[in-house]
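Here is the structure we will look at, set down as structure tokens.
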Amino acid sequence: MSEERTVVAMVGNPVSGKGRGAVTYERVLDLMIEAGERHGFDVIDLTGSSFDDSLRRTREESDRYGHLVVAGGDGMISLGANAVGCSGKPLGIVAIGSGNDFARGLGLPVNRIETAVEGIVGAIVRGSHIDVDMGRVTSLPGGDGEPIDRFYGGMLNCGLDASINDRANHSHLPGGSLRYFAAVLVEVTRLKRYGYHIKATLVDGSVEEYDLLTPMITVANSRHAGGGLEISPYSRFDDGLLDLVWIDHMPNPIEIADAISKGYNGRLLASHVFGWKRVRDVEITRADEGAEPPVLMSDGEYVGSVPVRVEAQRRALRVLVPPAVAAEHRADDGSRTLAALERDHRDPVTGVFI
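In the UniProt record's numbering, the protein residues as written are 1 to 354.
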């Protein structure tokens, strides 16, 4: 009796890049089909007419495939994470979007189609993967609009960062990093003190509850946003924790310029403009004071509005990676993060400056 062949499902975003995404995805699909013929696996295309349609198809037809490969930017990775998260089915990533921040954080190829496909095929054949954390955001009682229940790999953006992401999404400038940088320059001139009430479960299980009037709160699972800006440089993919990052006070122009420069060399949180601490989960609701927070975004996609609960999902997403990348992740014992905290004079437990 012959063994049942492995089936790999593919999903792309043909509407991205003003139609260029369709051409690029066809190239990825052709390469995967050719590789399947050589290595003995089948490929099916589950790309729908929209993000929601593709997500529906990957969920409804999950019994047809054992691996899922997405081609695109962070939004497509979000689709993949919500399709196979917590299922044990591996996700392959061909990072060909404008940001590619989740793939960048994992050490995967960015905007290199052939290299990415070669790595995915090798991982399928060798069974090479890593298990990484995700964030999960759900609605709390009292909110308006559609109920929220979504996994994310990168960051949940709740303030200024969401406004920047939204502006970058609608920009006509070429290149994700340029669009994001230009959006930063515009939005930092329009800072508002949004009103948030925070209830956070810390690493030791204790609970803190307080109001924050701040232009920005980010709940980060990974380090990067905006095509390489390290908003959360201490984040790790397998610690079962999320990083709460916020603007501590209304910064002056010199502080803003300093923070932007630090964001591109991994030292953003060395700036006293930002607060930081690690959390197991956090509830974000509306405070009595402050401006109404903007629409939340995660991985470049619109999520909804507060009130929400965000919790870490430990090693909930299995990602196909080449053996060398898997070995690098296994070797990460957290010492580099501790060294960065010491360099920036942050207490690793409380998050305060020392």
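Every residue gets a Cβ at the ideal spot worked out from N, C-alpha and C, and that includes glycine.
Quick check on residue i: buried or exposed, where buried means 16 or more other Cβ atoms within 10 Å of its Cβ?
i: T138; result: exposed
i: N82; result: buried
i: G97; result: buried
i: D347; result: exposed
i: R57; result: buried
i: A324; result: exposed
i: I120; result: buried
i: D210; result: Going by the sequence as given, residue 210 is Tyr instead of Asp. When all chains shown are included, Y210 counts as exposed.
i: V349; result: exposed
i: R236; result: buried
i: V310; result: buried
i: N165; result: buried
i: V23; result: exposed
i: A103; result: buried
i: A331; result: exposed
i: L338; result: exposed
Suppose you measure from the CA of residue i to the CA of residue j; what does that come to, to the nearest Å?
i: I124; j: L320; result: 7 Å
i: W246; j: R64; result: 43 Å
i: A257; j: T214; result: 18 Å
i: R343; j: R336; result: 10 Å
i: A340; j: V188; result: 26 Å
i: R167; j: Y180; result: 8 Å
i: N13; j: S87; result: 23 Å
i: S2; j: G66; result: Low per-residue confidence applies at S2: pLDDT is 45, beneath 50, and the placement is therefore not dependable enough to give any value.
i: I354; j: E26; result: 53 Å
i: G226; j: F151; result: 19 Å
i: E201; j: W276; result: The displayed chain sequence assigns Thr, not Glu, to residue 201. Looking at the two C-alpha atoms, the distance is approximately 14 Å.
i: E61; j: D45; result: 11 Å
i: G142; j: E283; result: 13 Å
i: I148; j: A183; result: 27 Å
i: R136; j: L31; result: 33 Å
i: L91; j: P322; result: 13 Å
i: S50; j: M76; result: 11 Å
i: E146; j: L241; result: 27 Å
i: D288; j: D52; result: 34 Å
i: I33; j: G40; result: 10 Å
i: R112; j: A71; result: 11 Å
i: H345; j: S271; result: 10 Å
i: R315; j: L185; result: 35 Å
i: T47; j: G99; result: 21 Å
i: G263; j: R38; result: 44 Å
Check the C-beta distance from residue i over to residue j and give it rounded, since I have them as a contact under 8 Å.
i: R318; j: D133; result: Going by Cβ atoms, the distance from R318 to D133 rounds to 12 Å, so no, they are not a contact pair.
i: G304; j: L296; result: 6 Å
i: N169; j: G36; result: Incorrect: roughly 34 Å between the Cβ atoms, too far for contact.
i: I231; j: T218; result: 6 Å
i: H129; j: A326; result: 7 Å
i: R223; j: G105; result: 5 Å
i: S140; j: T285; result: Correcting the residue identity first, residue 140 is Leu in this sequence and not Ser. At roughly 7 Å, the Cβ-Cβ gap stays under 8 Å, so L140 and T285 are in contact.
Do residue j and residue i have their beta-carbon atoms positioned less than 7 Å apart in this structure?
i: V43; j: V11; result: no
i: L160; j: M250; result: no
i: D239; j: A220; result: no
i: A312; j: R278; result: no
i: A116; j: P294; result: no
i: D101; j: D74; result: yes
i: S54; j: L79; result: yes
i: L108; j: S298; result: no
i: V110; j: A95; result: yes
i: P233; j: L269; result: yes
i: S178; j: Y196; result: Looking at the sequence provided, one finds Leu at residue 178 rather than Ser. No, the Cβ-Cβ distance between L178 and Y196 is not below 7 Å.
i: V273; j: E255; result: yes
Quiz item: Which whole runs of the beta strand (DSSP E) in the stretch 263-340 are 3 residues long or more, in chain order?
Solution: Here the runs fully enclosed are 274-286, 296-298, 301-304 and 308-320.
Practice problem: Note down, one range per segment and in chain order, each alpha helix (DSSP H) of at least 4 residues found wholly within the stretch 174-241. | Solution: Correct list: 176-187.
Self-check item: Runs of alpha helix (DSSP H) lying entirely within the stretch 97-155, each at least 4 residues, in chain order
Solution: Correct list: 101-106 and 113-126.
Quiz item: Taking only runs of the alpha helix (DSSP H) that begin and end inside the stretch 2-53, which ones reach a length of at least 4 residues, in chain order?
Solution: Segments of the alpha helix (DSSP H) lying fully in the stretch 2-53: 20-39.
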